[in-house]
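Student: One structure, as structure tokens, below. Some questions next.
Protein chains: 2
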Amino acid sequence: MKIVSRAVAAFAHAGYHATPVSEVAEAAGVSPAYVFRLFPGKLGLFVATVDHCYDQVTATLVRGGEAVGPAAPDDVLAAMSAAYVNLIRDRNLIMLQVHAQSACDVPEIRDAVRRGVARVVRAVSRVSGADPGAVQRFLAYGQLCHLIVQADLGAVDESWARTVSAGISH
Amino acid sequence: MKIVSRAVAAFAHAGYHATPVSEVAEAAGVSPAYVFRLFPGKLGLFVATVDHCYDQVTATLVRGGEAVGPAAPDDVLAAMSAAYVNLIRDRNLIMLQVHAQSACDVPEIRDAVRRGVARVVRAVSRVSGADPGAVQRFLAYGQLCHLIVQADLGAVDESWARTVSAGISH
DNA sequence: CAAGTTACTGACTGATCAGTCACATCTGGG
DNA sequence: CCCAGATGTGACTGATCAGTCAGTAACTTG
């Protein structure tokens, strides 16, 4: 659905609560009324968008991991990390995850986030063959990427910011 | 300020955009009009709340780290981690950080987040004496805590969820 | 007690936004 | 050509919310 893929970028800016449906509609080149005709409501649209986002994230990770061919788990994880860090350039997929996580007080959104994280964890485990501890570490540094992108720490030239983003940003 | 400390809990539920000032006012036991009299606007109130939140977080970490007395950096970091994980029980301080991070498209909020993270990073480095890489790892696992709290993964009894929260939640 | 100052509020306004609905305008099949 | 379904929209409504303002109550100080 074209609307959903445009919605990723639209919601990525300000998140669920702060993005009017009219903005998503404009980004998709249709009227707000039509969006409500295709989706049961703003919430349904957002959930579909989040699902789509995690699809793309999972696909990106799998592609990155499989690119190194059969290799030691740590090497595959490293390749997947590099693929994820590359998403920082785009920003949209990372920002949407962040906003979805922050809107988890809405049960439907929380469930979408759980589904998405579950898919990511399973894909990373399966493709890398790494043990749970290594997968957890992978996820932790992934979440650190989110902070770096949100606060745009790559643009901060101070010692503390370099500590946070060492080896990740720029 | 009493209003600010009550605002932490109020904003922690649904975040900046989804929490009306009237809700904060009610939590503080005053009228919405009075909140606008004391603060330049909703944004000013939120920024003050975020600053207060990072004050508390930093203080919690420092207290946790100093409790072990002079010790090896890794041991101090472990104590600080334990102190941070304890915040999960409260939820409010962690959720507010998350919501502040997600509202970073508002420049004033982004600046408040940067100030807060800077204070945390400096405090952790100073009290633990750990090298930047270890501090970065500390922060990464801290961010992982955020995901666990947001999506309430402690309540999910599935393999992927245990991978994410191993050694942190439950 | 008078006068000033601080603490606080009810009642409003203007803007924004989710969601609806009646109404177009295409499209292909018989 | 006619009709049925799909694709789409403009114009509305009702609710919510940030922010204002005029005014009241409660202290403080001389």
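Listed in order, the protein sequences are those of chains A and Y.
Going by this note's numbering, the residue at position 98 of the first sequence is 98; the numbering climbs one at a time, nothing skipped.
Going by this note's numbering, the residue at position 77 of the second sequence is 1077; the numbering climbs one at a time, nothing skipped.
A virtual CB, placed ideally from N, CA and C, is assigned to each residue, including glycine.
Distance check for residue 158(A) and residue 1092(Y), CA to CA, integer angstroms please.
Tutor: Along the second sequence, one-based indexing puts residue 1092(Y) at 92. Along the first sequence, one-based indexing puts residue 158(A) at 158. Cα to Cα, the separation comes out at about 29 Å.
Student: May I have the straight-line CA-CA distance separating residue 1004(Y) from residue 1039(Y), to the nearest angstrom?
Tutor: The residue given as residue 1004(Y) occupies position 4 in the second sequence. The residue given as residue 1039(Y) occupies position 39 in the second sequence. In a straight line, the C-alpha of residue 1004(Y) is about 10 Å away from that of residue 1039(Y).
Student: Please report the straight-line C-alpha distance between residue 1082(Y) and residue 115(A), rounded to a whole angstrom.
Tutor: Counted from its first residue, the second sequence places residue 1082(Y) at position 82. Counted from its first residue, the first sequence places residue 115(A) at position 115. The alpha-carbon atoms of residue 1082(Y) and residue 115(A) are separated by roughly 28 Å.
Student: Residue 53(A) touches chain Y at which residues, Cβ-Cβ below 9 Å?
Tutor: Looking up residue 53(A) in the first sequence gives position 53. Within chain Y, no residue comes near residue 53(A); the closest Cβ sits about 15 Å away, beyond 9 Å.
Student: What ranges does the beta strand (DSSP E) occupy inside the region 59-105 of chain A, keeping only unbroken runs of at least 3 residues that lie completely in it?
Tutor: Within the region 59-105 of chain A, no complete beta strand (DSSP E) run reaches 3 residues.
Student: Below 8 Å between beta carbons: does that hold for residue 1123(Y) and residue 1113(Y)?
Tutor: Taking the first residue of the second sequence as position 1, residue 1123(Y) is located at position 123. Taking the first residue of the second sequence as position 1, residue 1113(Y) is located at position 113. No, Cβ-Cβ distance for residue 1123(Y) and residue 1113(Y) is not below 8 Å.
Student: Taking only three categories from DSSP, how would you classify residue 1168(Y)?
Tutor: Your numbering for residue 1168(Y) matches position 168 in the second sequence. It is coil, neither helix nor strand.
Student: Whole angstroms are fine: how far does the CA of residue 64(A) sit from the CA of residue 85(A)?
Tutor: Stepping through the first sequence from its first residue, residue 85(A) is reached at position 85. Stepping through the first sequence from its first residue, residue 64(A) is reached at position 64. Looking at the two C-alpha atoms, the distance is approximately 11 Å.
Student: On a Cα-Cα basis, can you pick out the residue from 1135(Y), 1121(Y) and 1018(Y) that is closest to residue 1102(Y)?
Tutor: The residue given as residue 1102(Y) occupies position 102 in the second sequence. Closest by alpha carbon: 1018(Y).
Student: Tell me whether residue 1151(Y) counts as near the ligand FMN, meaning its Cβ is closer than 7 Å to at least one heavy atom of that ligand.
Tutor: Judged by which ligands are present, the structure shown has none, so any question about the ligand FMN falls away.
Student: Give me the Cβ distance between residue 138(A) and residue 95(A), rounded to the nearest whole Å; I'm assuming they're in contact under 8 Å.
Tutor: By one-based count along the first sequence, residue 138(A) stands at place 138. By one-based count along the first sequence, residue 95(A) stands at place 95. Rounded, the Cβ-Cβ distance is 20 Å, inconsistent with contact.
Student: Do residue 62(A) and residue 127(A) come within 8 Å of each other at the CB atom, strictly closer than that value?
Tutor: Residue 127(A) sits at position 127 when you count from the first residue of the first sequence. Residue 62(A) sits at position 62 when you count from the first residue of the first sequence. Yes.
Student: Run through DSSP, which three-state label would residue 36(A) get?
Tutor: Translated into the one-based positions of the first sequence, residue 36(A) becomes position 36. Helix, per DSSP.
Student: Check this for me: beta carbons of residue 140(A) and residue 1143(Y), under 8 Å apart or not?
Tutor: Residue numbering aside, residue 140(A) sits at position 140 when the first sequence is read from its first letter. Residue numbering aside, residue 1143(Y) sits at position 143 when the second sequence is read from its first letter. Yes, the Cβ-Cβ distance between residue 140(A) and residue 1143(Y) is below 8 Å.
Student: Does any C-beta atom of chain A lie closer than 8 Å to the C-beta of residue 1020(Y)?
Tutor: Translated into the one-based positions of the second sequence, residue 1020(Y) becomes position 20. Residue 1020(Y) does not count as touching chain A.
Student: Mind checking residue 16(A): buried by the 16 CB within 10 Å criterion, or exposed?
Tutor: By 1-based counting over the first sequence, the position of residue 16(A) is 16. Residue 16(A) should be labelled buried.
Student: With a 10 Å radius around its C-beta and 16 neighbouring C-beta atoms as the bar for buried, classify residue 1022(Y) as buried or exposed.
Tutor: Locating residue 1022(Y) in the second sequence gives position 22, counting from the first residue. Under this definition residue 1022(Y) is an exposed residue.
Student: Could you tell me how far apart the beta carbons of residue 43(A) and residue 7(A) are, in whole angstroms, since I believe they sit closer than 8 Å?
Tutor: What you label residue 43(A) is simply residue 43 of the first sequence in a count that begins at 1. What you label residue 7(A) is simply residue 7 of the first sequence in a count that begins at 1. Contact flag wrong, Cβ pair sits at about 12 Å.
Student: Give the range of the alpha helix (DSSP H) segment to which residue 155(A) is assigned.
Tutor: Counted from its first residue, the first sequence places residue 155(A) at position 155. That residue, residue 155(A), is in no alpha helix (DSSP H); it is neither H nor E in DSSP.
Student: What three-state label does DSSP hand residue 1029(Y) in the structure shown?
Tutor: The count along the second sequence starts at 1 and reaches residue 1029(Y) at position 29. Correct three-state label for residue 1029(Y): coil.
Student: Taking only beta-carbon atoms, is residue 73(A) less than 8 Å away from chain Y?
Tutor: Sequence index remark: in the first sequence, residue 73(A) carries index 73 (1-based). Output row for residue 73(A): interface = no.
Student: So for residue 1016(Y), helix, strand or coil by DSSP?
Tutor: Position 16 of the second sequence holds residue 1016(Y). If DSSP states are grouped into helix, strand and coil, residue 1016(Y) belongs with coil.
Student: Should residue 1144(Y) be flagged as near chain A, meaning a C-beta pair shorter than 8 Å?
Tutor: Position 144 of the second sequence, counted from the first residue, corresponds to residue 1144(Y). Cβ-Cβ to chain A under 8 Å: yes for residue 1144(Y).
Student: Using a Cβ cut-off of 8 Å (strictly closer), state whether residue 27(A) contacts chain Y.
Tutor: In the first sequence, counting from the first residue as 1, residue 27(A) sits at position 27. Judged by the 8 Å Cβ criterion, residue 27(A) is not in contact with chain Y.
Student: Please state the DSSP three-state secondary structure of residue 41(A).
Tutor: Looking up residue 41(A) in the first sequence gives position 41. Residue state, collapsed to three classes: coil.
Student: Ordered along the chain, which non-local residues of its own chain (more than five positions away) have a Cβ less than 6 Å from that of residue 163(A)?
Tutor: Taking the first sequence and counting its residues from 1, the one referred to as residue 163(A) is at position 163. Hits under 6 Å: none found.
Student: Return the residue from the list 1119(Y), 1121(Y), 1089(Y) and 1104(Y) that minimises the CA-CA distance to residue 1146(Y).
Tutor: By 1-based counting over the second sequence, the position of residue 1146(Y) is 146. Minimum Cα distance to residue 1146(Y) is reached at 1089(Y).
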